[in-house]
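This report refers to the structure that appears directly beneath it.
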Amino acid sequence: MKKGKIKLTGKIELLSPLRIGSGEDNNTDIDILKDSSGKPFIPATSFIGVLRHYFINFNDADEKEKEELTKFWGYHKIQGVNTKSTSIQSSIKCSDLFVIDEIAVPVDELTSVREGVKIDIKTGMTVKEAKFDFEIAERGIKFDLNMIVDYKEENYKFLLKLMNTIKSELEAGNISIGSKTTSGLGKIKLIDPFLEVYDFSIKNDVIKWLKNENGKGITKDYNEKFNLNTNMFSIDAWFKVKTSLIVKSYPSDPTMPDAIHIQSCGKDVLPGTSLRGAIRSRAIKILNTKFNGKSEKIIDNLFGFVKEGKQYDKDGKEKDNSAKSRIIIEENLIDNCQAEIQTRIKIDRFTGGTIKGALMESMPLFNEEGTEKEKSIRVSIKISNYKRDKAYEAGLMLLILKDLWTGDLPIGGEKNIGRGVLEGIEATISDGIKEIIINKKLDLEKEDINYLQSLLDALNVYKEE
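Residues in the sequence shown are numbered consecutively from 284, following my numbering.
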């Protein structure tokens, strides 16, 4: 009987910072996992767990394929009154993902620390004693990937198709790992992939396996993949900085200004956490205006929630007290902007004079002068598990896009002195079936206008279920 191994190797590159907590708080409130040399690593348990969740939730397979998938990932069924407990171990073997040896970067530059603060939704102000910091592995780090699956003749085609699908999804950058993935952290991509097969009915393949030599490579001509039904509504928009922008970071260097714009690997970024907070706050404001303060259900369904204590429905049945956000915000680099130091002083309201010792310096970003490139900031908003019969969710995101586009929704810090105002340049709106491109002049076909209006109409006629 034909049997052997399917092997997938390559490098996993971080497209955005990664946070996998170690449970320790020695250096920050949330330290990340590190190996014995102090370098961050991705545990195989986390990596395989993310793949399993991704495929089980998004796979549009038939019943037989779903049964095979369940066996592939493994399962444990708890014993019932008349049934015995059953368990099947996962078919896949994966090593922990360590930083590749050829990266010539000092250990202390592989990670950095970010700060966060809890904002009161009603007042827009920070919550007292709710400031925290956390450690991240920086973008651009590459990890070694090594995955192996044992196959038999009867499941060879299925397993090869599945491994090719995993390879394809990782190559496309569709999978994120770690915590805060809905706020842009943990986005990964597979580079230099190699999918190979060892047929142990062939003596030469056995020798190659034992010598750790390459097996038979699967060429790009092989395109058998599972159809992954992701059901995603997305808005991908480009903006320019109309005024100035700063998401504050406080440098430890005493020669630097008091506050600079946050950076990742020396490059300015728009963190997903800041953008997400602004979007959520504006969504609540829109819904409260529309539905007289009754916006909790839509907000919870879109942005997730965590509630203390047990929760019960109208029939007295216990329900979940937490849910993951379906709104996914990406963290992106900022282009075509330059930082400039600005000095400010604090004024005594009674005398009109300056307050002694209240001199402040900040270093916000401004659009580069003399450049024809207007695209500075990319904003990506996605709704996962989107259904067309809930078009009101897309309608809400359209209103938020409109506010960002027209400069009515500033982002970042120091908004009270005019910072954070954006100007829309280009946007692509897609529900997986229909795609609409909006330019700066807002030139749209009548069909596209009617479709966008239908999304807004769905929000206008929404009634709580």
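By construction, the Cβ of each residue, glycine as well, lies at the ideal position given by its N, Cα and C atoms.
Report the partner residues of W356 according to the DSSP bridge assignment.
Paired residues: none, contrary to the question.
Can you tell me where the alpha helix (DSSP H) holding Y439 begins and where it ends?
439-454
Pick from L679, Q621, L585, I720: whose alpha carbon is nearest that of E651?
Closest by alpha carbon: Q621.
Can you find at least 3 beta carbon pairs, one from the region 632-650 and one from the region 717-727, that sit closer than 8 Å?
Touching, no.
Out of curiosity, what's the CA-to-CA distance linking I617 and D427?
29 Å
Nearest-angstrom Cα separation, counted from T556 out to K523
20 Å
CA nearest to the CA of I229, picked from Y745, S713, K286
Absent from the structure is residue 229, since the part of the chain shown begins at 284 and ends at 748.
Assuming P323 contacts T394 under a Cβ cut-off of 8 Å, what Cβ separation, rounded to an integer in Å, is found between them?
6 Å between Cβ atoms; contact.
Distance, G456 Cα to I666 Cα
17 Å
Contact belief for G423 with L301 at Cβ below 8 Å, rounded distance in angstroms:
Going by Cβ atoms, the distance from G423 to L301 rounds to 11 Å, so no, they are not a contact pair.
Flag this pair as yes or no: are the beta carbons of F588 and S605 separated by less than 8 Å?
yes
Just how far apart, CA to CA, sit S532 and I610?
25 Å
Closest to S535 by CA distance: which of K294, R397, G703, E348 is it?
R397
Taking the runs of the beta strand (DSSP E) that are 3 residues or longer, which of them lie wholly in the region 695-738?
705-713, 718-721
Going by CA-CA distance only, name the one from K746, G690, L334, N340 that's closest to T526.
G690
For I683, which three-state DSSP category applies?
helix
Does F750 pass the burial test, meaning 16 or more other C-beta atoms within 10 Å, or should it be called exposed?
What is shown of the chain runs 284 to 748, which leaves residue 750 out entirely.
Close Cβ partners of S370 (< 6 Å) along its chain, the five nearest in sequence each way excluded
Contacts found: H359.
For L473 and I295, which I take to be in contact (beta-carbon distance under 8 Å), what is that distance rounded to the nearest angstrom?
6 Å
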